[in-house]
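In this text, residue positions in the sequence shown follow this note's numbering: the first is 12, and each later residue adds one. Think of the CB as a built atom: it goes at the ideal place given N, C-alpha and C, for glycine as much as any other residue. What follows is a single structure, written as structure tokens, with notes after it.
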Amino acid sequence: MQRRDFSRSLLAAGTTALGAASGLTLTPALAQRVGPKEGVDFTRLPKQVPVQSPAGQVEVLEFFAYSCIHCFNFEPLFEDWIQKKPAYVTVRRMPVAFSPQFVPMQRLYFTLEAMNLVDKLHAKVFRAIHEERLPLTTPPAIIDWVAKQGVDRAKFTEIFDIAATGQKAQQAVNLQDAYGVEGTPALGIAGRFYLPGQGPRTLVVANALIAELRTKA
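This is the structure in structure tokens:
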């Protein structure tokens, strides 16, 4: 999903790249083999963005929107990558808001996170929107759907509405702006690199940049 052109496809790479994304070990030689090109595969940020990960960790942010079909297609690839990532890579998901209409979906994600329900319901939200065609874009629709998944309605609503959840949504917007996110899915690496979504190729490039960062640590 592009901020200005939502029809642009971000899934251009093939299955060969997928195998590379999920199976390659992060080694210094990887960056040379993959050969990601600055200005094409990634952007080096002019000003480093603060990270939350501790020293020795490489922070990876995934910028996504539940309403984005490309994010829906990217999610299984990214989840597989998470399962295989090294211990020194820390992942945080950041729901974007290109307009106020995105905010309820941001609050949905951060409420699931606060209730430790991301593993259970994150992928289900994508399927509900893109396969079942449910309009989970407003608080009433979201709360009704979550309750049908067996989640306590009152507890979910309380966390969904509290100021702290709104603050997390705003912090996600601040990060999206700091990285210059123009479309989803996209990745931010270590507060230094921005990767626009290219399907499996995005993860190959991410592996190469992480390997490069490790050689300079």
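Own chain, CB closer than 6 angstroms to residue i, minus 5 neighbours either side, in chain order
i, result
"L186", "M105"
"T101", "S64, Q68 and E70"
"V184", "A108"
"F171", "R118 and T122"
"S18", "Because S18 carries a pLDDT of 31, less than 50, the predicted location of this residue cannot be relied on, and no value is offered for it."
"K6", "It is not possible to answer for residue 6, since the shown part of the chain is limited to 12 through 228."
Inter-residue CB distance, residue i and residue j (contact presumed, cutoff 8 angstroms)
i, j, result
"A180", "Q117", "4 angstroms"
"I93", "L119", "Contact doesn't hold; Cβ gap of about 20 angstroms is too wide."
"R203", "Q59", "6 angstroms"
"T149", "P115", "6 angstroms"
"A219", "P47", "5 angstroms"
Best match in the options for proximity to residue i [C-alpha to C-alpha]
i, options, result
"C79", "K96, R55, R138 and E223", "R138"
"Y77", "G50, F113 and Q59", "F113"
"Y190", "Q178, Y205, Q182 and G177", "Y205"
"D188", "A66, A98, P57 and E49", "P57"
"V192", "K96, D91 and R55", "R55"
"V62", "R103, K227, E143 and E223", "R103"
"G194", "F53, D52 and F75", "F75"
Close-in-space but distant-in-sequence residues of the same chain around residue i (CB under 8 angstroms, 5 per side omitted)
i, result
"A158", "R164 and F167"
"F89", "E73, P196 and L214"
"K135", "Q160"
"V162", "M126, L128 and L132"
"E49", "R55"
First and last residue of the uninterrupted beta strand (DSSP E) at residue i
i, result
"I200", "A197 to I200"
"Y205", "F204 to P207"
"M105", "V100 to P106"
"E70", "V69 to F75"
Beta-carbon contacts of residue i that lie in its chain and below 7 angstroms, excluding the five residues immediately before and after
i, result
"F121", "T176, K179 and A180"
"I140", "Y77, S78 and L147"
"A217", "V71, L198, I200 and L206"
"Y99", "G67, Q68 and V69"
"W156", "A139, L145 and L147"
"F53", "P47, F204, Y205, L206, V216 and L220"
Residue range of the alpha helix (DSSP H) that includes residue i
i, result
"I173", "Premise fails: I173 is in no alpha helix (DSSP H) and is neither H nor E."
"K159", "P150 to K159"
"A237", "Any question about residue 237 goes unanswered here, given that the chain covers just 12 to 228."
"F113", "From DSSP, F113 is part of no alpha helix (DSSP H); its letter is neither H nor E."
"C82", "I80 to K95"
"P65", "Neither: P65 is in no alpha helix (DSSP H) and is coded neither H nor E."
"R212", "P211 to K227"
**OP:** Answer yes if the stretch 158–173 comes into contact with the stretch 121–128, meaning at least three C-beta pairs across the two stretches below 8 angstroms, and no otherwise.
**Re:** yes
**OP:** Taking 8 angstroms as the threshold, find out whether the stretch 201–216 comes into contact with the stretch 82–94 through three or more Cβ pairs.
**Re:** yes
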